[in-house]
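Reviewing the structure listed below.
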Amino acid sequence: MVKTVKMRTQIILLAFAVIIAATSCQGEKKELITQKIQYDVNIKSPDPDYDWWIQNLPGPQRENLVDLIMDRALSGEIQAYDYFNNPITASDIAKIMSDTAALTLMSEEPPYEYYDTLVVIRIERESIQRIRFLEEWRIDQKTLAFEKKILGLAPVARRVDDAGNERWQPLFWIYVDNEFVKTLNK
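Every position in the sequence shown, counted from 1, becomes a number in my numbering once 156 is added.
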């Protein structure tokens with residue numbers, strides 16, 4: 157009888173300890189701010205006068221990151237998606253990396269005749285100067301600690317047209333969150 161009471165007491169104390177441990181280990185529940193937010197991050201500084209770490213990854217780290225993303229996508233090791241969230245192949249990515257334009261130009265010499273020509277413009281890896289992120293954000297209301305969950309990323313290339321206008325072209329998406337991938341095109 158004494159042994160049974162002692163055993164019950166130990167079980168109750170153990171259960172109580174487990175309950176306390178389980179509830180104290182849980183962090184504050186973070187409130188969802190947004191399921192999706194998308195923004196670009198410069199990985200090459202737009203201004204050489206900035207400190208090296210402002211909107212910049214140093215050359216070797218930037219090159220390694222771009223190479224990692226491009227090599228994995230071009231080899232087909234990781235699934236890439238187009239702007240409309242449709243899966244694309246390594247061959248599709250290779251096509252994205254070059255533009256072919258049919259132009260009609262006028263000769264600079266008399267008789268100033270018009271002629272047609274094809275111009276192939278390749279996107280070089282050095283042109284990839286931004287990463288576009290798609291994230292989910294949560295916040296701890298007590299501490300204001302943010303929790304960012306990356307859903308996907310897209311390499312973004314700097315392009316300059318014939319008129320000198322700068323534009324930024326996202327090349328493709330890579331989604332790194334498997335649960336998010338399941339929701340695509342639903």
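Just so you know, even glycine gets a beta-carbon here, dropped at the ideal spot from N, CA and C. Please read all numbers here as calculations on a predicted model, not as lab measurements.
If you draw a straight line from the Cα of D272 to the Cα of T260, it is about 4 Å long. With 16 or more neighbouring CB atoms inside 10 Å of its own CB, Q285 falls in the buried class. The criterion of a C-beta distance shorter than 9 Å is not satisfied by I234 and R218. In the structure shown, F336 falls within a helical segment according to DSSP collapsed to helix, strand and coil. The shortest C-alpha to C-alpha distance from E282 to any of E187, P214, K186 and D207 is the one to P214. A straight line joining the alpha-carbon of W324 with that of D255 spans about 14 Å. Leaving aside the five residues that flank K251 on each side, none in its chain has a CB nearer than 7 Å to its CB. Taking the C-beta atoms as reference points, Y239 is found no nearer than 9 Å to I330.
By alpha-carbon distance to L307, the top candidate from L290, D317, A229 and P204 is L290. By the neighbour-count criterion, in which 16 or more other beta carbons inside 10 Å mark a residue as buried, A313 falls on the buried side. Burial state of L327 is buried, judged by a 10 Å Cβ sphere holding 16 or more other Cβ atoms. Annotation note: the region 209-242 contains no uninterrupted beta strand (DSSP E) run of length 3 or greater. By the criterion of a C-beta distance shorter than 6 Å, V316 is surrounded in its chain by E322, once the five residues flanking it on both sides are discounted.
When the beta-carbon positions are compared, M253 and I279 come within less than 9 Å of each other. Classified as exposed, I210 has fewer than 16 neighbouring CB atoms from the shown chains inside 10 Å of its CB.
Per DSSP, reduced to three states, the secondary structure at A258 is strand. In terms of CA proximity to I287, V222 leads the group V222, K298, K186 and L274.
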